[in-house]
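To start, the structure under review is shown below, and the notes come after it.
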Amino acid sequence: LNSTEKMAVAYAQLYLTENALRDLIRRVLIEANWWSKRVPNGIQTEVQTTIANTPYHAAKRKDELEYTHLGQLKEIIINGKNWTDFLPHLNERDKNSFSATINKAIPSRNSIGHCIPLNASDLKVVDVRFQDIQKMLK
Numbered sequence: 045l046n047s048t049e050k051m052a053v054a055y056a057q058l059y060l061t062e063n064a065l066r067d068l069i070r071r072v073l074i075e076a077n078w079w080s081k082r083v084p085n086g087i088q089t090e091v092q093t094t095i096a097n098t099p100y101h102a103a104k105r106k107d108e109l110e111y112t113h114l115g116q117l118k119e120i121i122i123n124g125k126n127w128t129d130f131l132p133h134l135n136e137r138d139k140n141s142f143s144a145t146i147n148k149a150i151p152s153r154n155s156i157g158h159c160i161p162l163n164a165s166d167l168k169v170v171d172v173r174f175q176d177i178q179k180m181l182k
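Numbering-wise, the sequence shown is residues 45 to 182 according to the numbering used here.
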């Protein structure tokens, strides 16, 4: 594969992982006004700033969750009582391990999300990191 094709594979892994976490959050946090009740204030503020400063005109978004990224998705899941509600949907029972696994993938996520070319070694790391996250989800 050429570098563009390799980056496309990495992007697909990022896309699948972040959207799997978004879907999980939507399935677990089903109460009315869950965004304002269950999402940390800092993330709510960051998302509102993103919406105001860089709206996604070309794509209709379902909700604020579609403006979040990997680190924010992790924070929503581990926040307060949220963690207990997510446990039935996770293979990973330890909050610190869950958090650490996602934290390891964030540098890869940032490189992919900002279109920074990755070398062969980095691409192998991407594959492992995103597979590790997928394995934590039921």
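Each residue gets a CB set at the ideal place from its N, CA and C atoms; glycine is no exception.
*Cβ shell of Glu108 (< 7 Å), same chain only, five flanking positions each side left out*: For the purposes of this step, residue 108 is taken as the residue at position 64 of the sequence shown. Contacts found: Trp79 and Val91.
*What did DSSP end up calling Leu45 once you bin it into helix, strand or coil?*
Along the sequence shown, read from residue 1 onward, the residue named residue 45 stands at position 1. Reduced to three states, the DSSP call for Leu45 is coil.
*Determine the direct distance from the alpha carbon of Phe142 to that of Cys159, and round the result to whole angstroms.*
Taking the first residue of the sequence shown as 1, we reach residue 159 at position 115. Taking the first residue of the sequence shown as 1, we reach residue 142 at position 98. The alpha-carbon atoms of Cys159 and Phe142 are separated by roughly 26 Å.
*How many angstroms separate the CA atom of Gln178 from the CA atom of Ser152?*
The residue given as residue 178 occupies position 134 in the sequence shown. The residue given as residue 152 occupies position 108 in the sequence shown. Looking at the two C-alpha atoms, the distance is approximately 15 Å.
*Does the pairing of the stretch 94-106 with the stretch 117-126 give three or more beta-carbon distances under 8 Å?*
no
*Beta carbon of Ile87, beta carbon of Ile120: below 8 Å?*
Position 43 of the sequence shown, counting from 1, holds the residue named residue 87. Position 76 of the sequence shown, counting from 1, holds the residue named residue 120. Yes, the Cβ-Cβ distance between Ile87 and Ile120 is below 8 Å.
_Just verifying my parser: in three-state terms, what is the DSSP assignment at Leu162?_
Reading the sequence shown from its first residue, position 118 is the one you call residue 162. Three-state DSSP puts Leu162 in coil, outside helix and strand.
*Of the listed residues Glu62, His113 and Phe130, nearest to Asp176 (C-alpha basis)*: Locating residue 176 in the sequence shown gives position 132, counting from the first residue. Closest option to Asp176, Cα to Cα, is Glu62.
*Are the beta-carbon atoms of Ala52 and Ile156 separated by less than 8 Å?*
Counting from 1 along the sequence shown, the entry for residue 52 is found at position 8. Counting from 1 along the sequence shown, the entry for residue 156 is found at position 112. No, these two residues do not count as a Cβ contact at 8 Å.
*Whole-angstrom distance between Leu117 and Pro84, CA atom to CA atom*: Locating residue 84 in the sequence shown gives position 40, where the first residue counts as 1. Locating residue 117 in the sequence shown gives position 73, where the first residue counts as 1. Computed Cα separation, rounded: 11 Å.
*Check Leu73 in the structure and name its three-state DSSP category.*
Here residue 73 is taken as the residue at index 29 of the sequence shown, counted from 1. DSSP places Leu73 in coil when its eight states are reduced to three.
*asked:* Determine whether the beta carbon atoms of Lys148 and Arg173 lie at a separation below 8 Å.
replied: Residue mapping note: residue 148 aligns to position 104 of the sequence shown, counting from 1. Residue mapping note: residue 173 aligns to position 129 of the sequence shown, counting from 1. Taking 8 Å as the Cβ cut-off, Lys148 and Arg173 qualify as a contacting pair.
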